């Protein structure tokens, strides 16, 4: 239902479509918020699909169709066109395991509902080009089957949850042109995403943007600062000072020790100082 002139809000009745696998309402004029009842989309919560059951639901029951129209659907092929990882591609019956939600290019507001974290089988999620705000829910890291995530050109703020870096199959990520801040998470394959995935976020920093985060310079300086190497001169002077200290200590106590502790030496030393003083006095006269 993309590319129409649909307006108004997303009705909660959409959540009754518990067997739907592909929901495309992009390029319309839809407004207000995304309903939190998305967790009721049971088919998107399952990580495996019964292909035969899916085919029967898409084509309706063949017997019923035959009774009404007098012809069989055997050999019929379903072709769909879908925006997949930023490129419009065609899909046929064998590829109906694709589970995707595309609500891009509307006027949706509010936060991304945390209930989106229940859609464990979701392979693609595109909420770009809206007016969404708030933070990226950390539960989005539960979507381990996710291969494509596009939240670009919104007003999303806060930090990028580290749980995103734990999605092994994530191949396309676009968080550009938002109000995200802080350090871009690291780990696993998160460093492989280019700067274009994060550009347009003034307060975002990290290796992908070639932009240092506050405190990185001090940490880098501390890591690269090496302790001074002691050369031959420093070792020599260290030994010299140690020797002088030991010599001074030994000489000082070697002289004063006996004078303080042995009375005859102390008396002799005092008499010597008196004679020396008299001699100097006579010479000066």
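Numbering (my numbering), first residue to last: 429 to 713. No residue lacks a Cβ here, since even glycine has one placed at the ideal position from N, Cα and C. None of the values given here were measured: they were computed from a predicted structure.
**Asked** If we ignore side chains and look at the alpha-carbon of each, how far apart do residue 538 and residue 530 end up?
**Response** Start at 1 with the first residue of the chain shown, and residue 538 comes out as number 110. Start at 1 with the first residue of the chain shown, and residue 530 comes out as number 102. Going by the C-alpha atoms only, they are around 17 Å apart.
**Message:** I'd like the span of the alpha helix (DSSP H) that includes residue 604, first residue to last.
**Reply:** By 1-based counting over the chain shown, the position of residue 604 is 176. From DSSP, residue 604 is part of no alpha helix (DSSP H); its letter is neither H nor E.
**Request:** To the nearest angstrom, report how far apart residue 722 and residue 611 are at their CA atoms.
**Result:** Residue 722 lies beyond the range of the chain shown here (429 to 713); nothing can be said about it.
**Item:** Paired residues, beta bridge with residue 633 - DSSP
**Value:** The count along the chain shown starts at 1 and reaches residue 633 at position 205. Paired residues: 611.
**Request:** Return the residue from the list 452, 445 and 535 that minimises the CA-CA distance to residue 722.
**Result:** Residue 722 is absent from the structure shown; the chain starts at 429 and stops at 713.
**Prompt:** Assuming residue 618 contacts residue 593 under a Cβ cut-off of 8 Å, what Cβ separation, rounded to an integer in Å, is found between them?
**Reply:** On the chain shown, residue 618 is found 190 positions in, with the first residue counted as 1. On the chain shown, residue 593 is found 165 positions in, with the first residue counted as 1. So it is a contact: roughly 4 Å between Cβ atoms.
**Item:** Integer Cβ distance of residue 580 from residue 556, believed to fall under 8 Å
**Value:** Here residue 580 refers to the residue found at position 152 of the chain shown. Here residue 556 refers to the residue found at position 128 of the chain shown. The Cβ separation is near 4 Å, so the contact holds.
**Asked** Is the beta carbon of residue 565 less than 8 Å from the beta carbon of residue 542?
**Response** Position 137 of the chain shown, counted from the first residue, corresponds to residue 565. Position 114 of the chain shown, counted from the first residue, corresponds to residue 542. Cβ distance < 8 Å, so residue 565 and residue 542 count as in contact.
**Asked** Is the Cβ-Cβ distance between residue 585 and residue 608 less than 8 Å?
**Response** To locate residue 585, count along the chain shown from 1; it is residue 157. To locate residue 608, count along the chain shown from 1; it is residue 180. Yes, these two residues count as a Cβ contact at 8 Å.
**Asked** What distance in whole Å lies between the Cβ atoms of residue 430 and residue 455, which are believed to be in contact at a cut-off of 8 Å?
**Response** Within the chain shown, the letter at position 27 stands for residue 455. Within the chain shown, the letter at position 2 stands for residue 430. Going by Cβ atoms, the distance from residue 455 to residue 430 rounds to 5 Å, so yes, they are a contact pair.
**Item:** Residue(s) in a DSSP beta bridge with residue 561
**Value:** Against the chain shown, residue 561 aligns to sequence position 133. Under DSSP, residue 561 shares a beta bridge with 539.
**Helix, strand or coil at residue 640 [DSSP, three-state]** = Counted from its first residue, the chain shown places residue 640 at position 212. Residue 640 falls in the coil class under three-state DSSP.
**Item:** Supposed contact pair residue 602 and residue 578 - C-beta distance, whole angstroms, cut 8 Å
**Value:** Position 150 of the chain shown, counting from 1, holds the residue named residue 578. Position 174 of the chain shown, counting from 1, holds the residue named residue 602. Residue 578 to residue 602, Cβ: 4 Å. Contact.
**Request:** Report buried or exposed for residue 629, applying the criterion of at least 16 other Cβ atoms within 10 angstroms of its Cβ.
**Result:** Counted from its first residue, the chain shown places residue 629 at position 201. Counting Cβ neighbours within 10 Å, residue 629 comes out buried, since at least 16 surround it.
**Residue interval of the beta strand (DSSP E) (run including residue 576)** = Here residue 576 is taken as the residue at index 148 of the chain shown, counted from 1. Counted as a single uninterrupted DSSP element, the beta strand (DSSP E) harbouring residue 576 occupies residues 576-578.
**Asked** DSSP three-state call for residue 619: helix, strand or coil?
**Response** Stepping through the chain shown from its first residue, residue 619 is reached at position 191. For residue 619, the three-state secondary structure derived from DSSP is helix.
**Message:** Following a CB-centred definition, is residue 463 positioned closer than 7 Å to any heavy atom of the ligand PLP?
**Reply:** Of ligands this structure carries none, so the ligand PLP is not represented either.
**Request:** Out of 615, 614 and 624, state which residue places its alpha-carbon closest to the alpha-carbon of residue 605.
**Result:** Here residue 605 refers to the residue found at position 177 of the chain shown. For residue 605, the closest of 615, 614 and 624 by C-alpha to C-alpha distance is 624.
**Item:** Residues bridged to residue 436 (per DSSP)
**Value:** Numbered from 1 along the chain shown, position 8 holds the residue referred to as residue 436. According to DSSP, residue 436 shares a beta bridge with 458.
**Message:** Can you list, in chain order, the residues of its chain with a C-beta nearer than 7 Å to that of residue 443? Leave out the 5 residues immediately preceding and following it.
**Reply:** The residue labelled residue 443 in the question sits at position 15 within the chain shown. By the criterion of a C-beta distance shorter than 7 Å, residue 443 is surrounded in its chain by 463, 465, 466, 468 and 469, once the five residues flanking it on both sides are discounted.
**Request:** With DSSP as the reference, label residue 568 as helix, strand or coil.
**Result:** Against the chain shown, residue 568 aligns to sequence position 140. Helix at residue 568.
**Request:** Compare the C-alpha of residue 453 against each of 532, 471 and 515 and name the closest.
**Result:** As a working note, residue 453 is residue 25 in the chain shown. Checking every option, the nearest Cα to that of residue 453 belongs to 532.
**Message:** I need the DSSP call for residue 556, collapsed to helix, strand or coil.
**Reply:** As a first step, residue 556 must be located in the chain shown, where it is residue number 128. Note: residue 556 maps to coil in three-state DSSP.
**Request:** Kindly identify the DSSP beta-bridge partner or partners of residue 586.
**Result:** Position 158 of the chain shown, counted from the first residue, corresponds to residue 586. Partner(s): 608.
**Prompt:** Rounded to a whole number of angstroms, what is the C-alpha to C-alpha distance between residue 432 and residue 516?
**Reply:** Residue mapping note: residue 432 aligns to position 4 of the chain shown, counting from 1. Residue mapping note: residue 516 aligns to position 88 of the chain shown, counting from 1. Roughly 17 Å separates the two Cα atoms.
**Prompt:** Based on Cα-Cα distance, which residue from 589, 545, 590 and 447 lies nearest to residue 526?
**Reply:** Position 98 of the chain shown holds residue 526. Each of 589, 545, 590 and 447 was checked against the Cα of residue 526, and the nearest Cα belongs to 447.
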